[in-house]
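These notes are about the structure you will find just below.
Residue numbers (this note's numbering): 177 to 341.
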């Protein structure tokens, strides 16, 4: 962690990304990705617990202050919060039918990092991550995948949903 914290500022054109669950607050100067429960250090299996927006926003600001680099927080079906440094909510894609969240966070990361590497802004990258995750959660009992050709139709669904809201 110390090595990465030293190297990241020396290489501003390289994306340093960390997703460390319980140790996310120990990293500095890297893109940090966590889920909403990891952000506020709560057990996601506690029955009926859903973090409120106020607590999430406060925690994002605090983690951004500590880290001094972009923050990405996955919110499950609700999308992502990103901070670079301003906080932006990128809504998720509403999907129908049964879903399996296995690997959704990793899928979101893959989509987001590939987008950043291609020159996307952090909010744009989060949107691609949301699109990828929305495809993979519909693949039951497996760690799903998303093919590039699946993204444009999913983006159209997301755009239609945003116009309706």
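We treat Cβ as the ideally placed atom computed from N, Cα and C, and that holds for glycine. Because the structure is a prediction, the values reported are computed rather than measured.
Residue from the options whose Cα sits closest to the Cα of residue i
i	options	result
residue 301	210, 284, 310	284
residue 276	261, 295, 201, 321	321
residue 209	266, 258, 295, 292	258
residue 188	234, 245, 233, 196	245
residue 268	261, 305, 282	305
residue 203	236, 243, 183	243
residue 289	182, 192, 181, 180	192
Span separating the alpha-carbon of residue i from that of residue j
i	j	result
residue 319	residue 287	15 Å
residue 216	residue 263	16 Å
residue 317	residue 185	40 Å
residue 248	residue 299	9 Å
residue 280	residue 206	21 Å
residue 232	residue 212	7 Å
residue 178	residue 197	17 Å
residue 195	residue 214	10 Å
residue 270	residue 230	23 Å
residue 340	residue 333	11 Å
residue 200	residue 266	21 Å
residue 323	residue 291	14 Å
Cβ-based neighbour list, residue i, same chain, cut-off 7 Å, excluding 5 preceding and 5 following
i	result
residue 261	240
residue 331	307
Own chain, CB closer than 6 Å to residue i, minus 5 neighbours either side, in chain order
i	result
residue 309	280, 283, 284
Sequence-distant residues of the same chain with beta carbon closer than 8 Å to residue i, five excluded per side
i	result
residue 296	304
residue 190	184
- Message: Whether or not the region 243–258 and the region 302–318 are in contact is what I'm after, with contact meaning three or more pairs of Cβ atoms, one per stretch, closer than 8 Å; do they touch?
- Response: yes
- Inside the region 247–320 only - beta strand (DSSP E) runs reaching at least 3 residues: 247–250, 256–259, 263–266
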